[in-house]
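Chemist: Attaching a single structure in structure tokens format; questions to follow.
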Amino acid sequence: MDCLCCSSVSKPSYLLLLFYFFSCTAKAAFNLSTISFDEGYSPLFGDGNLVRSPDGRSARLLLDRFTGAGFISSKMYKYGFFSANIKLPGYYTAGLCVAFYTSNADAFKKTHDELDIEFLGNTKGEPWRIQTNLYGNGSTGHGREERYRLWFDPSKEFHRFYIDDVPIREVIRNEEMGSEYPSKPMSLYATIWDASSWATSGGKYKVNYKFAPFVSEFKDLVLEGCSSDPIEEFPSSDCHETDARLESADYATITPRQRSAMRRFRQRYMYYSYCYDALRYPVPLPECVMIPSEKERFRDTGRLKFGGSHQGGRRRSRRRGRGRGRVQVSSLEHDPDM
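Position one of the sequence shown corresponds to residue 1 (UniProt numbering), numbered consecutively onward.
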């Protein structure tokens, strides 16, 4: 499927956080250099369910009834550009979560930061969906989820519809967010795991292991950034050259053309936004920019007014298996797919 990129770029007066979703032409457009698995990553969990290619340029993550799998970057980064070309499992994928995300939960147990890009499986014939989210300083009580539909089958190796150079979400630092904005060095993770309790229609549809193993593939790995020690107060002087390159790169800012494309993407494919979920947040969180034309399309629950069932169910689910048996509590009480 398309290359997936997560970028967090430092600026003198503010921090710009971008979620990018690119076609593979992005690698050429941005002159990105790919690395082998061993150059940037280490196994996280899953033992034999993490399978590296003979040339070391790609890896498969498998989920069976015994375990999922995952890998982690060998170093931590405060900001940078990270991407992979990902192919997802096909056929019946309900209950699955394939995640490509950054986190420092291992280093900061109660005050961790996290940037999530999660692919959520579905029943046969129904499309995969994407969820993005972020946490800062352990602020898991404030979920900042957005969800989007996919219009193509990401389990196919090739397809004819591409998004070229299109960011799908921008979160600019707001002083009122305080410590809830991610700010500490994080590792990059890729995982596949059983999220039956919440991923598909609020847990209505579970992982069906008669279709196992479920296989996701990662290749064209990119790690553009300067590694950072989480306990260092000041970055290493060796990072100056890397910082300058990152801040001058094409992906460090959003052009007017990209901003227009991002607006079109969100109009067509975003079907849940926490900013418009007035039941969950009667007072919108401080970083929310309420766009009148966008707000008109959503109910007070943050769900689209048209295009599917939005009957409600309040829930608080336990999310299992992201890495090494870690359990997290989802803050999404009103499931957008219900």
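C-beta: ideal position from N, C-alpha, C; glycine also.
It should be emphasised that the depicted structure is a prediction, and the values quoted were computed from it without experimental measurement.
(1) Three or more C-beta pairs closer than 8 Å, one from the region 213-231 and one from the region 50-60: is that the case here?
(2) Using 8 Å as the threshold, is the C-beta distance between A105 and E118 below it?
(3) Note down the Cα distance separating L32 from T242, rounded to an integer number of angstroms.
(4) DSSP on E241, reduced to helix/strand/coil?
(5) Starting from S260 and walking both ways along the alpha helix (DSSP H), at which residues does that stretch end?
(6) Assign K219 to one of three DSSP states: helix, strand, or coil.
(7) Among residues of its own chain, excluding the 5 on either side of K206, which ones have a beta-carbon nearer than 6 Å to its beta-carbon?
(8) Using 8 Å as the threshold, is the C-beta distance between G138 and K110 below it?
(9) Whole angstroms is fine: what's the gap from V300's alpha carbon to P43's?
(10) What residue from H142, N174, R147 has the CA that sits closest to G121's CA?
(11) Taking 7 Å as the limit between beta carbons, can you name the residues of its chain near W227, skipping five residues before and five after?
(12) Less than 8 Å separating the beta-carbons of L150 and F82?
(13) Would you tell me roughly how many angstroms separate the C-alpha atoms of I35 and Y41, rounded to the nearest one?
(14) Helix, strand or coil for S197, going by three-state DSSP, please let me know.
(15) Check the DSSP bridge columns for S33 and list the partner residues they point to.
Modeler: To lay it out plainly:
(1) Segments in contact, yes.
(2) Taking a C-beta distance under 8 Å as the contact criterion, A105 and E118 do not qualify as a contact pair.
(3) Counting only the Cα atoms, T242 lies some 13 Å from L32.
(4) Helix.
(5) That run of the alpha helix (DSSP H) goes 256-269.
(6) Looking at K219 - three-state DSSP - the assignment turns out to be strand.
(7) So the qualifying residues of the chain are G95, S196.
(8) Yes, Cβ-Cβ distance for G138 and K110 is below 8 Å.
(9) The amino acid at residue 300 is misidentified as Val; the sequence shows Asp. Rounded to whole angstroms, D300 to P43 spans 42 Å at the Cα level.
(10) Considering only alpha carbons, the answer is R147.
(11) Looking at the sequence itself, residue 227 is Ser, so the reference to Trp does not match. Excluding residues within five positions, the ones whose Cβ falls inside 7 Å are K75, M76, Y77.
(12) Not in contact: L150 and F82 (Cβ atoms no closer than 8 Å).
(13) Computed Cα separation, rounded: 10 Å.
(14) DSSP places S197 in coil when its eight states are reduced to three.
(15) According to DSSP, which records beta bridges pairwise, S33 is partnered with nothing at all.
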